[in-house]
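Below is one structure; the comments refer to it alone.
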Amino acid sequence: MDYFLELFLSGLTRGSIYALIALGYTMVYGIIQLINFAHGEIYMIGAFVALIVSGVLTIYGFSGVSILILAALIAVIYAAAYGFTLERIAYRPLRNAPRLSPLISAIGMSLFLQNYVLLAQTPDFLPFPQLVPSFEFMEPIAHIMGSAELVILVTSALSMVGLTLLIKYTRIGKAMRATQQDMIMARLSGINVDRVISVTFIIGSVLAAIGGVLVGSYIGQINFYIGFMAGVKAFTAAVLGGIGNIPGAALGGLVLGLAESFAAGYVSSAYEDVFAFGVLVLILILRPSGLLGKAVKQKV
Amino acid sequence: MKANRFRRLRRLVSVFSLCLLTVAANGLAADTIKIGVAGPHTGDLAPYGIPTMEACQMVTAQVNASGGVLGKQIELLPMDDQCKPEIATNVATKLVSDGVSIVIGHVCSGATKAAMGIYKEANVIAISPSATNPPLTQSGEYPNFYRTIAPDDMQGKLAADFATGKLGAKKIAIIHDKGDYGKGFADFAQQFIEKGGKAKVVMYEGITPGAMDYSAVVQKIRREGADVVVFGGYHPEASKLVGQMKKKRVDIPFIGPDGIKGDGFLEIAGRNAEGVYATGPMDVSKYPLNKAAHEAYVKQYGKEPGTFFDQGYAAMQAALNAIKVAGGTDYAKLSHALKNSYVETTVGKIKFDSKGDAEGVGFSVYQVKDGKFVEVQ
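Sequence lines, in order, name chains A and B. Numbering-wise (the working numbering), the first sequence opens with residue 1 and increments by one. Numbering-wise (the working numbering), the second sequence opens with residue 1 and increments by one.
See below:
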């Protein structure tokens, strides 16, 4: 039973990271039907900024939690700026182009950002400081769940709740929902659609950067390529939950994380990806629009 | 038409005169000891063959200047096999017909295997500086084969012996990164642990490099009750694993291959690296002969020597020593000398075991202490 619990918690931990990144994919897709392949790179850039900031802060004698919060904050701001710029440069000029063009542009941005970090930073792995302190009260159950995992779970849960509230109860949230339903109609009723799209990118990037900082300090190393794998997994999670559906992305992330963890624990970690993608195939066969996705009629 | 015939005639004449030249050279050099040097000297693998050739030339020049071996001059016959088995057989035939008694080479395992049959029939000894394929010595098919480099499975064997011997492990978890290098190491370690019979392999599992999280594997290690982890792979995964083991309070020794024995691992794993074991090539730069050879090389060529230079140098030294001890180039006497008399070389003081692997060459176990890899005595 202990073993089951351990696997469950580690699945939940990685699942909530997938969910955080998947939210960015799904929000962007929901609004402009674009798969933002550069999203994983935003996550990676968030981690890199946090690494640099925490290095600088350590030199200036900051300590523990203050570094974590400041580094995360600056990483989030930077990533938001990157997300905003990304949309401005790579997607907005192609708003009315055929659907394939922004997709290609997205892949191009992904490659560009990866190689930019490779050249500007380093191709090697870099050690990432353990920003989350070890809490005293976690010590008795540290073998099952550590402080870092607790922080990951709590932070991602809070982020998701915050996002839900934002979308449900704020003006911009209402505007986002309107844009998602019908972009032209939203524009006609006075919504600044371009601004809504920018905000969507910013929110997605913020979530990705939070994920990047959490993962970096959890596994203790980053390099320019971590965004690719995380992006693939998160994209899978988004599709699994029904792309375009926000609770779906969260659920998809958790299902994927748990599937991987249990596959690694009870079968073999050599097969964890096989199981993860097996679950995807199975769910898409049974529910072609994902777990929570609704079958959308083609807009005419 | 006429011009054509004339051209053909000219070509024939030049071929003839070339043949005459070789005959003359062979005739003149009748009273020398011939040693072949076979390896890739052209093509994309040349960087692995040329250092050995240069090493042999340096040793030969030195020995010849001081009167040769047994009063005879050494004559080197360098031959290019391009690491290709089909060319290696031609090279071998040519060397045998030229009357060599020892060949330094070949360099690539595949080419070496192809050539060995021909040498075996002709009672020619081959000493390779670089063919690491285990069956070359272990299969017993090539009694005339020797090498001055450790075979591929040596690291796996060393890790297995260390885990079951010095660490006294009874239950071993083997993890690898599914790559050629990592899985190869893990497979050999598993083989030797099972053959040794002192411990059980309770877990053998591949992990995905670049995955976000290995905590499920770490939990499994705990559940299987392993008392040592043997890992095949590179330093990024190793540092993630040791970090997560520490976080999950799985406090057992961790042994990796030379892929983790470097600054990258120390830097990324940080404090978690402390106490981790890694196998790695022995430090040969401490031997005085090695130092001297490197200095001489830098003086002559103006750069640091390339890959397998040390091993090639040692192979040549071992060959000449064997000829000296055997008092000639008789096959049986040479074999006896190689297997029984120690010789100081650039890779240490060596002799060959009954299968042809150099004793005292290869890998040591290192442990991280205070942020540095220290050889475990």
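For glycine and all other residues, C-beta sits at the position ideal for the given N, C-alpha and C.
Which runs of the beta strand (DSSP E) at least 3 residues long sit entirely within the segment 245-284 of chain B? Give them in chain order.
As far as the segment 245-284 of chain B is concerned, its whole beta strand (DSSP E) runs of at least 3 residues are 254-256, 277-281.
Please confirm whether any heavy atom of the ligand FMN lies closer than 7 Å to the CB of residue 140(A).
The ligand FMN is not among the ligands present in this structure, which contains no ligands whatsoever.
Name, going along the chain, the residues of the segment 224-258 of chain B whose beta-carbon falls closer than 7 Å to a beta-carbon of chain A.
Within the segment 224-258 of chain B, the residues whose Cβ lies closer than 7 Å to some Cβ of chain A are 236, 239, 240, 243, 247, 248, 249, listed in chain order.
Cutoff 8 Å: residue 87(B) Cβ touching any chain A Cβ
So no, residue 87(B) is outside the interface.
How is the beta strand (DSSP E) around residue 367(B) delimited, first residue to last?
Where residue 367(B) is concerned, the enclosing beta strand (DSSP E) stretches over 363-369.
Nearest neighbour of residue 165(A), chosen from 243(A), 85(A), 95(A), 247(A) [CA to CA]
With distances taken between CA atoms, residue 165(A) lies nearest to 247(A) out of 243(A), 85(A), 95(A), 247(A).
At a CB-CB cut-off below 7 Å, which residues of chain A make contact with residue 212(B)?
Under the 7 Å cutoff, chain A gives 14, 17, 215, 219, 230.
For residue 147(B): DSSP bridge partner residues:
According to DSSP, residue 147(B) bridges with 128(B), 357(B).
Could you tell me whether any Cβ in chain A is nearer than 8 Å to the Cβ of residue 216(B)?
Interface residue, yes.
Just to confirm my understanding: we take residue 69(B), look at its own chain, exclude 5 residues before and 5 after, and list those with CB closer than 8 Å. What are they?
Around residue 69(B): 33, 63, 320, 323, 324.
Using a Cβ-Cβ cut-off of less than 8 Å, list which residues of the segment 121-133 of chain A approach chain B; keep chain order.
Residues passing the 8 Å Cβ filter: 124, 125, 126, 127.
Against residue 219(B), what residues of chain A qualify as contacts under a CB-to-CB distance less than 8 Å, listed in chain order?
Residues of chain A with a Cβ closer than 8 Å to the Cβ of residue 219(B) are, in chain order, 3, 6, 7, 10, 265.
Quick check: is the beta carbon of residue 323(B) nearer than 8 Å to any beta carbon in chain A?
Judged by the 8 Å Cβ criterion, residue 323(B) is not in contact with chain A.
C-beta neighbour in chain A for residue 207(B), strict 8 Å:
By the rule that beta-carbons nearer than 8 Å mark a contact, residue 207(B) touches chain A.
Do you know how far the Cα of residue 222(B) is from the Cα of residue 250(B)?
Straight-line Cα distance between these residues: approximately 6 Å.
Report yes if the C-beta distance between residue 238(B) and residue 256(B) is below 8 Å; otherwise report no.
The answer is yes: Cβ separation under 8 Å.
Could you check the C-alpha separation between residue 343(B) and residue 318(B) for me, to the nearest Å?
Whole-angstrom Cα-Cα distance: 6 Å.
Is it the case that the segment 91-107 of chain A contacts the segment 15-26 of chain A, given that we only count it when at least three CB pairs across the two stretches are under 8 Å?
As far as the Cβ criterion goes, the segment 15-26 of chain A does not touch the segment 91-107 of chain A, which means the pair count is below three.
Taking residue 103(B) as part of the beta strand (DSSP E), name the residues at either end of that continuous run.
Element bounds for residue 103(B): 102-104.
First and last residue of the alpha helix (DSSP H) that includes residue 20(A)?
2-32 is the span of the alpha helix (DSSP H), which, as asked, contains residue 20(A).
Closest to residue 59(B) by CA distance: which of 363(B), 357(B), 292(B) is it?
Residue 292(B) is the option with its Cα nearest to residue 59(B).
If we count Cβ pairs, one from each stretch, closer than 8 Å, do we get three or more for the segment 122-129 of chain A versus the segment 219-237 of chain A?
The segment 122-129 of chain A is in contact with the segment 219-237 of chain A.
Could you tell me whether the Cβ of residue 275(B) comes closer than 8 Å to any Cβ of chain D?
You won't find chain D in this structure, because its protein chains are A and B.
Less than 7 Å between C-beta atoms, sequence neighbours within five positions excluded: which residues of the same chain meet that for residue 49(B)?
Once the five neighbours on either side are set aside, the close Cβ partners of residue 49(B) are 39, 40, 41, 107.
Quick one, are the C-beta atoms of residue 339(A) and residue 275(A) less than 8 Å apart?
Examination of residue 339(A) is not possible in this model, given that chain A is present from 1 through 300 alone.
Would you mind telling me which residues of chain A sit closer than 7 Å to residue 267(B), beta carbon to beta carbon, in chain order?
Near residue 267(B) (Cβ distances below 7 Å), the residues of chain A are 127.
Pull up the distance between the alpha-carbon of residue 27(B) and that of residue 76(B), whole angstroms please.
Because residue 27(B) carries a pLDDT of 44, less than 50, the predicted location of this residue cannot be relied on, and no value is offered for it.
Take residue 181(A) as the anchor and find which of 151(A), 291(A), 33(A) has the nearest alpha-carbon.
Among 151(A), 291(A), 33(A), the Cα nearest to that of residue 181(A) belongs to 33(A).
If you draw a straight line from the alpha carbon of residue 283(B) to that of residue 290(B), how long is it in whole angstroms?
Approximately 11 Å between the Cα atoms of the pair.
Going by DSSP, what residue range makes up the alpha helix (DSSP H) through residue 144(A)?
Secondary structure note for residue 144(A): it is in no alpha helix (DSSP H), with a DSSP letter that is neither H nor E.
In chain order, what are the residue ranges of uninterrupted alpha helix (DSSP H) at least 4 long that sit wholly in the segment 130-218 of chain A?
With a minimum length of 4 residues, the unbroken runs of alpha helix (DSSP H) contained wholly in the segment 130-218 of chain A fall at 147-169, 171-181, 183-188.
Provide the residue span of the beta strand (DSSP E) that contains residue 76(B), from first to last.
First-last of the beta strand (DSSP E) with residue 76(B): 73-80.
Return helix, strand or coil for residue 176(B), following the three-state DSSP convention.
Three-state result, residue 176(B): strand.
Could you tell me which residues DSSP pairs with residue 200(B) in its beta bridges?
DSSP lists 171(B) as partners of residue 200(B).
Status (buried if at least 16 other CB within 10 Å, exposed otherwise) for residue 190(B)
That one is buried.
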